[in-house]
Every structure is written in C-alpha cells, then in structure tokens.
Amino acid sequence: MNLKELLSKAKKLQTNAYVPYSHFRVAAIVILKNGQEITGVNVENAAFPATICAERTALAQVITLGYQKTDIEALFLITDSISLGSPCGICRQFMIEIMPLTAKVFISNCNSKDDKDLKIIKVQDLLPFAFMPESLKGNKK
C-alpha cells in the first residue's frame, strides 16, 4: 500500500464531493485485501440529516459490491481540515460494524504532503465502549 499515492488519489477524489453548504470536502478510499480500492465522498443535502459522509459512502459501496468485513484492509480519509479531521460519531459507529476492528484508518488533511503527515489508528480505537451487534441481545426471557 503506497500511502503517498493514496494521498494523491484522495486529494483528487475530494473534488467530487457535493458540498454546496459547508464547502468542506471529504474523501475516503477503502482498501481491500485484494488491492481493490472503493471510493466515497461526502454528499450534502439541504435537509442536513440526509447528508452522507465519505466514509459511509465508501463502506456502503463495499457491501453493495458483495464484499465482507473480512475483505477490508484499511480506510484512507482526507478532509479539508487544517488539523487532522477524524470521522464523525455516526461514521465511527458505522466503521465499527462494517470494518474489522484491527483494520487501520489513515487520517490526512489538506496540509498533508506525505505519509509523515498522517495519523494512523485502528478501528477499535475510534469508538471506546462502542454499541456492538452483541449489544442488541438484551434480556430476553
């Protein structure tokens, strides 16, 4: 996985974001174990709750294309932030469910020039005390 190349691809992909309200472009690239890359950008809507983040756009495509959680190696994220802009809470919950907990997340921003400017974190560290599928089991009698 060439991180400098991913950074370049992500910066180009950001231009596809539909952000007429915030003007804050985000792009995500999911890297599968077979080397395939699945992309996503944020898509805003005047009814703000209908907006979808880049991470969820890309991960939903992974599932749509028939891949499984175990097929995912990593997610590369870039934002228009001056500082590192990490995934929102909804995306973190989505990532906990759709990605392997040990998968890496590479976080970059508009100032990132190479792989030294990236933050690397595992999915499991994004959302401590996450609501997991097994949390739904409850107290059935």
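Numbered as in this note's numbering, the sequence shown ends at 142 without a single skipped number. Note that beta-carbon positions come from the ideal geometry of N, C-alpha and C, so glycine has one too.
Among the residues of its own chain, which have a CB less than 7 Å from the CB of residue i, if the five just before and after it don't count?
i           : result
residue 125 : 102, 103
residue 73  : 31, 33, 63, 100, 101, 104
residue 21  : 45
residue 120 : 85, 108
residue 5   : 115, 116
Could you name the residues of the same chain whose beta carbon sits closer than 6 Å to that of residue i, not counting the 5 residues immediately before and after it, in chain order?
i           : result
residue 82  : 110
residue 80  : 27, 86, 110
residue 43  : 18, 27, 54, 55
residue 78  : 29, 108
residue 122 : 106
For residue i, does the three-state DSSP call read helix, strand or coil?
i           : result
residue 119 : coil
residue 63  : helix
residue 127 : coil
residue 91  : helix
residue 40  : strand
residue 74  : strand
residue 55  : helix
residue 160 : No answer is possible for residue 160: it lies beyond the span of the chain, which begins at 2 and ends at 142.
residue 11  : helix
Measuring alpha carbon to alpha carbon, tell me which residue in the options is nearest residue i.
i           : options           : result
residue 136 : 114, 94, 118      : 94
residue 90  : 58, 128, 117, 13  : 128
residue 131 : 96, 112, 122, 115 : 96
residue 58  : 92, 75, 50        : 92
residue 61  : 98, 49, 11        : 98
residue 12  : 24, 133, 112      : 112
Skipping 5 residues on each side, what residues in its chain have a beta carbon closer than 8 Å to that of residue i?
i          : result
residue 15 : 26, 27, 28, 42, 79, 81
residue 47 : 22
Checklist line | Stretch-stretch touch, CB-based, cutoff 8 Å, three pairs: the segment 34 to 41 with the segment 51 to 70 | finding: As far as the Cβ criterion goes, the segment 34 to 41 touches the segment 51 to 70, which means the pair count is three or higher.
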